[in-house]
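*Asks:* Please see the structure below; I have some questions.
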Amino acid sequence: MLALLAGRGALPDAIAAAQDGDVVICALESDPPNRLEVDLWFRVETLGSLLDQLKARGVDRICTAGAIGRPQIDPAAIDAATLPLVPVLTAALQAGDDGALRALIGIFETAGFRMLAAHEAAPGLLLSAGVPTAVQPDDRHRSDAARGAAIVAAMAAVDIGQACAVLNGQALAVEAMFGTDWMLTGLAERPDGQGGILFKAPKPGQDRRADLPTIGPETIRAAAGAGLEGVVIEAGGVIVLDQPGVIGACDRMGLFLWSREPQG
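Numbering (my numbering), first residue to last: 19 to 282.
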(Lines of atoms letter the chains of each structure in order from A and count residues from 1; the text may use other names and numbers.)
(Lines give C-alpha, C1' and ligand atoms only; values in the text may rest on other atoms or scores of the structure.)
Protein backbone atom coordinates (compact mmCIF):
# COMPACT_ATOMS: atom_id res chain seq x y z
CA MET A 1 0.00 0.00 0.00
CA LEU A 2 1.13 3.54 -0.77
CA ALA A 3 1.27 6.43 1.67
CA LEU A 4 1.32 9.94 0.19
CA LEU A 5 2.93 12.63 2.32
CA ALA A 6 1.03 15.54 0.82
CA GLY A 7 1.99 19.18 0.94
CA ARG A 8 0.51 22.21 -0.79
CA GLY A 9 -0.13 22.53 -4.51
CA ALA A 10 -1.68 20.44 -7.27
CA LEU A 11 0.88 17.63 -7.45
CA PRO A 12 -0.47 15.61 -4.48
CA ASP A 13 -3.95 15.70 -6.05
CA ALA A 14 -2.59 14.34 -9.34
CA ILE A 15 -0.76 11.50 -7.61
CA ALA A 16 -3.75 10.53 -5.47
CA ALA A 17 -6.04 10.55 -8.52
CA ALA A 18 -3.70 8.21 -10.39
CA GLN A 19 -3.93 5.43 -7.79
CA ASP A 20 -6.04 2.36 -8.52
CA GLY A 21 -5.89 1.01 -4.98
CA ASP A 22 -6.04 2.47 -1.51
CA VAL A 23 -3.68 5.28 -0.56
CA VAL A 24 -3.09 6.71 2.90
CA ILE A 25 -2.92 10.52 2.82
CA CYS A 26 -0.62 12.02 5.45
CA ALA A 27 0.08 15.69 6.08
CA LEU A 28 1.97 17.95 8.42
CA GLU A 29 -0.36 19.93 10.67
CA SER A 30 1.52 23.08 9.64
CA ASP A 31 1.16 22.45 5.87
CA PRO A 32 -2.26 21.00 4.98
CA PRO A 33 -2.86 19.99 1.35
CA ASN A 34 -5.14 22.11 -0.80
CA ARG A 35 -8.01 19.66 -1.30
CA LEU A 36 -7.15 16.12 -0.26
CA GLU A 37 -8.86 14.54 2.71
CA VAL A 38 -6.15 13.66 5.21
CA ASP A 39 -6.10 10.27 6.91
CA LEU A 40 -3.16 10.87 9.26
CA TRP A 41 -2.02 14.24 10.55
CA PHE A 42 1.42 14.49 12.12
CA ARG A 43 4.09 16.86 13.33
CA VAL A 44 7.83 16.56 12.90
CA GLU A 45 7.94 15.82 16.63
CA THR A 46 5.71 12.73 16.06
CA LEU A 47 7.29 11.38 12.87
CA GLY A 48 8.35 8.16 14.58
CA SER A 49 4.77 7.46 15.64
CA LEU A 50 3.60 8.16 12.09
CA LEU A 51 5.96 5.50 10.77
CA ASP A 52 4.56 3.01 13.27
CA GLN A 53 0.99 3.88 12.21
CA LEU A 54 1.84 3.40 8.54
CA LYS A 55 3.34 -0.01 9.21
CA ALA A 56 0.23 -0.99 11.15
CA ARG A 57 -1.89 -0.06 8.11
CA GLY A 58 0.20 -2.22 5.79
CA VAL A 59 2.00 0.63 4.03
CA ASP A 60 5.22 -0.41 2.31
CA ARG A 61 5.76 2.52 -0.10
CA ILE A 62 5.92 6.27 0.52
CA CYS A 63 5.78 9.18 -1.89
CA THR A 64 6.32 12.79 -0.87
CA ALA A 65 4.79 15.55 -3.00
CA GLY A 66 3.84 19.19 -2.67
CA ALA A 67 5.32 22.23 -0.97
CA ILE A 68 6.22 21.83 2.69
CA GLY A 69 7.71 24.51 4.90
CA ARG A 70 10.58 24.04 7.30
CA PRO A 71 9.00 23.74 10.75
CA GLN A 72 10.69 24.38 14.07
CA ILE A 73 11.02 21.45 16.44
CA ASP A 74 9.40 21.88 19.85
CA PRO A 75 11.49 19.68 22.19
CA ALA A 76 8.58 19.36 24.61
CA ALA A 77 6.37 17.82 21.89
CA ILE A 78 8.75 15.04 20.83
CA ASP A 79 7.22 11.65 21.53
CA ALA A 80 9.08 8.47 22.51
CA ALA A 81 8.96 6.94 19.03
CA THR A 82 10.55 10.04 17.50
CA LEU A 83 13.25 10.58 20.11
CA PRO A 84 15.83 8.35 18.34
CA LEU A 85 15.33 10.37 15.14
CA VAL A 86 16.06 13.76 16.71
CA PRO A 87 19.76 13.98 15.68
CA VAL A 88 18.88 13.23 12.04
CA LEU A 89 15.88 15.57 12.03
CA THR A 90 17.85 18.41 13.61
CA ALA A 91 20.64 18.05 11.05
CA ALA A 92 18.08 17.89 8.22
CA LEU A 93 16.33 21.09 9.27
CA GLN A 94 19.68 22.88 9.39
CA ALA A 95 20.73 21.64 5.96
CA GLY A 96 19.79 22.95 2.52
CA ASP A 97 16.83 21.58 0.63
CA ASP A 98 18.80 18.72 -0.93
CA GLY A 99 20.32 17.68 2.36
CA ALA A 100 16.97 17.83 4.15
CA LEU A 101 15.31 15.66 1.51
CA ARG A 102 18.12 13.10 1.57
CA ALA A 103 17.86 12.89 5.34
CA LEU A 104 14.07 12.41 5.18
CA ILE A 105 14.40 9.69 2.55
CA GLY A 106 17.03 8.00 4.70
CA ILE A 107 14.68 7.94 7.70
CA PHE A 108 11.91 6.29 5.67
CA GLU A 109 14.21 3.74 4.07
CA THR A 110 15.86 2.84 7.37
CA ALA A 111 12.36 2.19 8.72
CA GLY A 112 11.78 -0.33 5.90
CA PHE A 113 9.71 1.71 3.45
CA ARG A 114 10.42 2.03 -0.27
CA MET A 115 10.50 5.63 -1.47
CA LEU A 116 8.74 6.36 -4.76
CA ALA A 117 9.28 9.39 -6.95
CA ALA A 118 6.14 11.28 -7.94
CA HIS A 119 6.46 10.10 -11.54
CA GLU A 120 6.82 6.50 -10.34
CA ALA A 121 3.67 6.74 -8.27
CA ALA A 122 1.81 8.45 -11.12
CA PRO A 123 3.27 7.54 -14.52
CA GLY A 124 2.52 10.10 -17.19
CA LEU A 125 3.63 13.17 -15.26
CA LEU A 126 6.77 13.56 -17.38
CA LEU A 127 6.66 14.97 -20.92
CA SER A 128 8.46 13.24 -23.78
CA ALA A 129 11.28 15.09 -25.50
CA GLY A 130 10.19 17.45 -28.26
CA VAL A 131 8.15 20.60 -28.93
CA PRO A 132 4.41 19.84 -28.75
CA THR A 133 3.32 23.46 -29.34
CA ALA A 134 2.49 25.35 -32.52
CA VAL A 135 5.26 27.88 -31.88
CA GLN A 136 8.76 26.43 -32.21
CA PRO A 137 12.02 27.64 -30.64
CA ASP A 138 14.60 29.26 -32.91
CA ASP A 139 18.40 29.43 -32.68
CA ARG A 140 18.25 32.29 -30.16
CA HIS A 141 16.10 30.23 -27.86
CA ARG A 142 18.34 27.19 -28.23
CA SER A 143 21.34 29.27 -27.26
CA ASP A 144 19.48 30.71 -24.26
CA ALA A 145 18.42 27.19 -23.23
CA ALA A 146 22.06 26.08 -23.13
CA ARG A 147 22.85 29.13 -21.02
CA GLY A 148 19.91 28.36 -18.74
CA ALA A 149 21.16 24.82 -18.19
CA ALA A 150 24.57 26.19 -17.19
CA ILE A 151 22.97 28.69 -14.79
CA VAL A 152 20.83 26.03 -13.08
CA ALA A 153 23.90 23.80 -12.74
CA ALA A 154 25.77 26.67 -11.09
CA MET A 155 22.82 27.38 -8.80
CA ALA A 156 22.89 23.75 -7.68
CA ALA A 157 26.27 24.30 -6.04
CA VAL A 158 24.64 26.64 -3.52
CA ASP A 159 21.22 24.90 -3.49
CA ILE A 160 19.11 27.96 -4.35
CA GLY A 161 16.71 26.91 -7.10
CA GLN A 162 15.85 24.97 -10.23
CA ALA A 163 14.80 27.68 -12.69
CA CYS A 164 15.94 30.87 -14.34
CA ALA A 165 14.91 33.30 -17.07
CA VAL A 166 17.40 34.04 -19.83
CA LEU A 167 17.53 36.55 -22.70
CA ASN A 168 20.40 36.78 -25.17
CA GLY A 169 22.64 34.76 -22.89
CA GLN A 170 22.00 36.96 -19.85
CA ALA A 171 20.20 35.85 -16.70
CA LEU A 172 17.09 37.99 -16.24
CA ALA A 173 16.14 36.31 -12.96
CA VAL A 174 16.89 33.19 -10.94
CA GLU A 175 14.58 31.17 -8.74
CA ALA A 176 15.08 31.36 -4.98
CA MET A 177 13.16 30.12 -1.96
CA PHE A 178 9.85 31.73 -3.00
CA GLY A 179 9.59 29.69 -6.21
CA THR A 180 9.11 30.12 -9.93
CA ASP A 181 5.82 32.02 -9.87
CA TRP A 182 7.26 34.63 -7.50
CA MET A 183 10.28 35.02 -9.79
CA LEU A 184 8.05 35.49 -12.84
CA THR A 185 5.81 37.99 -11.08
CA GLY A 186 8.81 40.18 -10.37
CA LEU A 187 10.05 39.76 -13.93
CA ALA A 188 6.74 41.06 -15.29
CA GLU A 189 7.71 44.49 -14.00
CA ARG A 190 11.01 44.67 -15.90
CA PRO A 191 11.54 47.95 -17.75
CA ASP A 192 13.24 46.48 -20.84
CA GLY A 193 10.23 44.95 -22.58
CA GLN A 194 9.71 41.47 -23.94
CA GLY A 195 11.72 38.38 -24.82
CA GLY A 196 13.59 35.50 -23.26
CA ILE A 197 12.80 32.03 -21.98
CA LEU A 198 12.02 30.28 -18.74
CA PHE A 199 14.39 27.36 -18.21
CA LYS A 200 13.58 24.72 -15.60
CA ALA A 201 15.47 21.53 -14.72
CA PRO A 202 16.43 19.40 -11.73
CA LYS A 203 19.75 20.09 -10.10
CA PRO A 204 22.60 17.93 -11.42
CA GLY A 205 22.95 14.89 -9.18
CA GLN A 206 19.62 15.53 -7.46
CA ASP A 207 17.82 12.57 -5.88
CA ARG A 208 14.78 12.43 -8.15
CA ARG A 209 12.57 10.68 -5.62
CA ALA A 210 11.65 14.06 -4.16
CA ASP A 211 11.37 17.71 -5.20
CA LEU A 212 11.45 17.37 -8.98
CA PRO A 213 10.60 20.77 -10.48
CA THR A 214 7.02 21.15 -11.68
CA ILE A 215 5.14 23.31 -14.16
CA GLY A 216 1.43 23.64 -14.91
CA PRO A 217 -0.95 25.99 -16.75
CA GLU A 218 -0.35 28.70 -14.14
CA THR A 219 3.36 28.61 -14.97
CA ILE A 220 2.57 29.27 -18.62
CA ARG A 221 0.28 32.18 -17.77
CA ALA A 222 2.95 33.64 -15.49
CA ALA A 223 5.63 33.23 -18.18
CA ALA A 224 3.40 35.01 -20.71
CA GLY A 225 2.70 37.77 -18.20
CA ALA A 226 6.45 38.19 -17.75
CA GLY A 227 6.86 38.76 -21.48
CA LEU A 228 8.76 35.53 -22.12
CA GLU A 229 8.62 33.77 -25.47
CA GLY A 230 8.75 30.17 -24.32
CA VAL A 231 9.38 27.59 -21.63
CA VAL A 232 12.20 25.05 -21.78
CA ILE A 233 12.21 22.07 -19.43
CA GLU A 234 14.58 19.14 -19.12
CA ALA A 235 12.99 16.07 -20.69
CA GLY A 236 12.45 13.40 -18.05
CA GLY A 237 13.31 15.79 -15.24
CA VAL A 238 10.34 18.16 -14.86
CA ILE A 239 6.79 17.19 -13.91
CA VAL A 240 4.13 18.70 -16.17
CA LEU A 241 0.72 18.90 -14.50
CA ASP A 242 -2.31 18.95 -16.83
CA GLN A 243 -0.27 18.47 -20.00
CA PRO A 244 -3.17 19.27 -22.38
CA GLY A 245 -3.85 22.42 -20.37
CA VAL A 246 -0.18 23.45 -20.50
CA ILE A 247 0.10 22.92 -24.25
CA GLY A 248 -3.25 24.65 -24.85
CA ALA A 249 -2.19 27.65 -22.75
CA CYS A 250 1.06 27.92 -24.74
CA ASP A 251 -0.81 27.85 -28.03
CA ARG A 252 -3.34 30.45 -26.91
CA MET A 253 -0.65 32.79 -25.64
CA GLY A 254 1.84 32.28 -28.44
CA LEU A 255 4.56 30.60 -26.38
CA PHE A 256 6.53 27.47 -27.20
CA LEU A 257 7.14 24.57 -24.83
CA TRP A 258 10.35 22.66 -25.45
CA SER A 259 11.05 19.45 -23.55
CA ARG A 260 14.80 19.43 -24.11
CA GLU A 261 17.03 16.39 -23.88
CA PRO A 262 19.84 16.90 -21.34
CA GLN A 263 23.06 17.83 -23.08
CA GLY A 264 26.28 16.06 -22.10
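We treat Cβ as the ideally placed atom computed from N, Cα and C, and that holds for glycine.
1) Nearest CA to the CA of L246: which residue from G66, V149, N186, D49?
2) Here's the rule: buried if 16 or more other CB atoms are within 10 angstroms of the residue's CB, otherwise exposed. What is A83?
3) Can you list, in chain order, the residues of its chain with a C-beta nearer than 6 angstroms to that of A129? Leave out the 5 residues immediately preceding and following it.
4) Roughly how many angstroms lie between the CA atoms of D210 and A152, to the nearest whole one?
5) Going by C-alpha distance, which of V184, A228, G142, D229 is nearest D260?
6) Look up I251 in the DSSP assignment and give the residues it is bridged to.
7) Is the number of C-beta pairs between the segment 261-275 and the segment 163-171 that are closer than 8 angstroms three or more?
8) If you measure between the beta carbons of D40 and M19, is that distance less than 8 angstroms?
9) For N176, count neighbouring Cβ atoms within 10 angstroms of its own Cβ and tell me buried if that reaches 16, exposed if not.
10) How long is the line joining the alpha carbons of R26 and R158, rounded to whole angstroms?
11) What residue from F217, I265, K218, K73 has the CA that sits closest to P235's CA?
12) Kindly identify the DSSP beta-bridge partner or partners of M133.
13) Quick check on the DSSP output: the beta strand (DSSP E) that includes L230 runs from which residue to which?
14) With DSSP run on the structure shown, which of helix, strand or coil describes I43?
15) Quick one: grab the DSSP three-state call for F196.
16) Taking 8 angstroms as the limit between beta carbons, can you name the residues of its chain near I233, skipping five residues before and five after?
17) Where does T64 land, buried or exposed, given buried means 16+ other C-beta within 10 angstroms?
18) Just to confirm, is the Cβ distance from D225 to L119 under 8 angstroms?
19) Using the Cα positions of E279 and A241, report the straight-line distance between them to the nearest angstrom.
*Replies:* Well, looking at it:
1) N186
2) buried
3) If you ignore the 5 residues before and after A129, its C-beta comes within less than 6 angstroms of the C-beta of L69, all in its own chain and listed in chain order.
4) Roughly 26 angstroms between the two C-alpha positions.
5) G142
6) K218, S277
7) no
8) yes
9) It should be pointed out that residue 176 corresponds to Val in this sequence rather than to Asn. Under this definition V176 is an exposed residue.
10) Spanning the alpha carbons of R26 and R158 requires a straight line of approximately 36 angstroms.
11) I265
12) M133 pairs with I80.
13) Taken as a continuous stretch (DSSP letters only), L230 belongs to no beta strand (DSSP E), as it is neither H nor E.
14) I43: strand per DSSP, three-state reduction.
15) Three-state result, F196: coil.
16) T198, K218, V249, I251, V256, I257, V258, L259, V264
17) buried
18) yes
19) 21 angstroms
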